[in-house]
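Undergrad:
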Amino acid sequence: MMVSNVTAVPVRALAMSWDALARQQTSADGQGGSSPLRVFLDCDTRFAEWMRSEVDFVAFVGSREDADVCVRATSVSEQGDSRHYDARFIGAGRFELIEASAHLQLEAPETLHRSLM
Numbered sequence: 001m002m003v004s005n006v007t008a009v010p011v012r013a014l015a016m017s018w019d020a021l022a023r024q025q026t027s028a029d030g031q032g033g034s035s036p037l038r039v040f041l042d043c044d045t046r047f048a049e050w051m052r053s054e055v056d057f058v059a060f061v062g063s064r065e066d067a068d069v070c071v072r073a074t075s076v077s078e079q080g081d082s083r084h085y086d087a088r089f090i091g092a093g094r095f096e097l098i099e100a101s102a103h104l105q106l107e108a109p110e111t112l113h114r115s116l117m
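Quick note on numbering: the sequence shown equals residues 1 to 117 in this note's numbering.
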């Protein structure tokens with residue numbers, strides 16, 4: 001079980017907002033029901049693992065061409081067991097020209113595990 005870090009809230013909130021927009025647009029287009037946001041991750045393994053575990057309401061895709069949004073996360077610094085990222089949500093296809101960004105701090109998985117014991 002991964003523990004959410006308070007600094008992760010802005011990234012999760014951005015993902016939720018984009019997902020809601022994608023679902024509303026799908027419903028408005030008369031496609032019956034709604035489909036989740038399709039996300040392509042352009043980041044290191046640590047950030048990708050965090051996104052896949054914490055943002056489980058979107059559909060992760062393997063190519064930019066299939067995505068509604070590309071999440072590009074860049075590690076900007078490290079302090080002890082934590083790594084700081086700048087995460088940019090870059091719209092594609094129907095969301096082209098829409099962008100948002102947030103800052104995120106991730107603790108090392110071993111640190112989270114030790115703190116739960």
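The C-beta atom is built at its ideal place from N, Cα and C for all residues, glycine as well.
This structure is a prediction, so every number in the text was calculated from the model and none was measured.
1. Determine the DSSP secondary structure at Asp-42, reduced to helix, strand or coil.
2. Would you identify the three-state DSSP class for Glu-99, choosing helix, strand or coil?
3. Arg-23: which of Gly-91, Ala-102, Ala-48 and Pro-36 sits nearest, CA to CA?
4. Between Ala-67 and Tyr-85, is the Cβ-Cβ spacing less than 8 Å?
5. Taking the beta carbon of Phe-40 as the centre, do at least 16 other beta carbons fall within 10 Å, making it buried, or is it exposed?
6. My assumption, with CB atoms under 8 Å, is that Phe-57 sits in contact with Asp-19. Please give the rounded CB distance.
TA: Here's the rundown:
1. In the structure shown, Asp-42 adopts extended strand secondary structure according to DSSP, grouped into three states.
2. strand
3. Nearest option by C-alpha distance: Pro-36.
4. no
5. Classified as buried, Phe-40 has 16 or more neighbouring CB atoms from the shown chains inside 10 Å of its CB.
6. 6 Å
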